[in-house]
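Input: a single structure, listed below in structure tokens.
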Amino acid sequence: MRNVLIAYASVNGTARECAERLAEQLNGPEVTICDLAKTTPDPAEFDLIVIGSCIRFGKLRPSARKFLGTCAAICKTKPVGVFLCCGLTHNFEDYCQRLIPDALRRDAFLISNFGGVLDPKGKSFWDRFWIRAARSSILESEMEDGEYTPVLPGILPENIGQMAVYAKKALSEMIG
Ligand SMILES: Cc1cc2nc3c(=O)[nH]c(=O)nc-3n(C[C@H](O)[C@H](O)[C@H](O)COP(=O)(O)O)c2cc1C
5 MRNVLIAYAS
15 VNGTARECAE
25 RLAEQLNGPE
35 VTICDLAKTT
45 PDPAEFDLIV
55 IGSCIRFGKL
65 RPSARKFLGT
75 CAAICKTKPV
85 GVFLCCGLTH
95 NFEDYCQRLI
105 PDALRRDAFL
115 ISNFGGVLDP
125 KGKSFWDRFW
135 IRAARSSILE
145 SEMEDGEYTP
155 VLPGILPENI
165 GQMAVYAKKA
175 LSEMIG
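Just so we're aligned, residue 5 is where the sequence shown starts under our numbering, counting upward by one.
Rendered as structure tokens:
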């Protein structure tokens, strides 16, 4: 049976939830979900790897940055997919350009935006502070644009579904 690793770095749980939703949709292969804050997996043990990180202050989590570097070195020989969770979705392309190694941008089977959540409930003091400011600026800019039912970001299930489809295709194309 094929062996898939979904490695994530998350502070408030969005990237973890995305990793779990993706795992549910990959019915078929054996799937290991790994929290990069706790463990550094060995890519050699897996047939396909998906790595995801939340974005905070325009940066990846350090554990994800490190593991992305490891994946960049093997992505020519093994299928690798990448997802980001970001609350400021209009910055996604910029995050890809700045934060994802060239080799992965060239060879990953998919780099996707799984969305982000801006809900202050249950978060730490400073996280609530940042989230409230971000929510206000999104709401204000959308109201200025004449959108009277402004939309806050959320998880993007269709993009998680697309990652599952691409991953299954990459597994089915593997020889041996
Ligand atoms: C302190 C803080 C800083 C953040 N900085 C950014 C940022 O620079 N860009 C962005 O797109 N989203 C930013 N976000 C939004 C997060 O990416 C979003 O809440 C995401 O769902 C967090 O993922 P997690 O729950 O896995 O930690 C920030 C959120 C917090 C709380």
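Note that CB positions come from ideal geometry on N, CA and C, so glycine has one too.
{"Check": "Between the CA atoms of residue 158 and residue 53 - distance to the nearest angstrom", "Outcome": "24 Å"}
{"Check": "The region 157-171 / the region 85-104 touching (three or more Cβ pairs under 8 Å)", "Outcome": "yes"}
{"Check": "Supposed close pair residue 68, residue 57 - CB separation, criterion 8 Å", "Outcome": "3 Å"}
{"Check": "CB contact flag (residue 128, residue 163, <8 Å)", "Outcome": "no"}
{"Check": "Bounding residues of the alpha helix (DSSP H) (the contiguous stretch that carries residue 4)", "Outcome": "A query on residue 4 cannot be resolved here, the shown segment of the chain reaching from 5 to 180 and no further."}
{"Check": "Other residues of its chain near residue 167: CB distance less than 7 Å, five sequence neighbours each side excluded", "Outcome": "26, 54, 85, 87, 114, 116"}
{"Check": "7 Å Cβ shell around residue 3 - same chain, five flanking residues per side excluded", "Outcome": "Nothing in the structure corresponds to residue 3, since the chain is present only between 5 and 180."}
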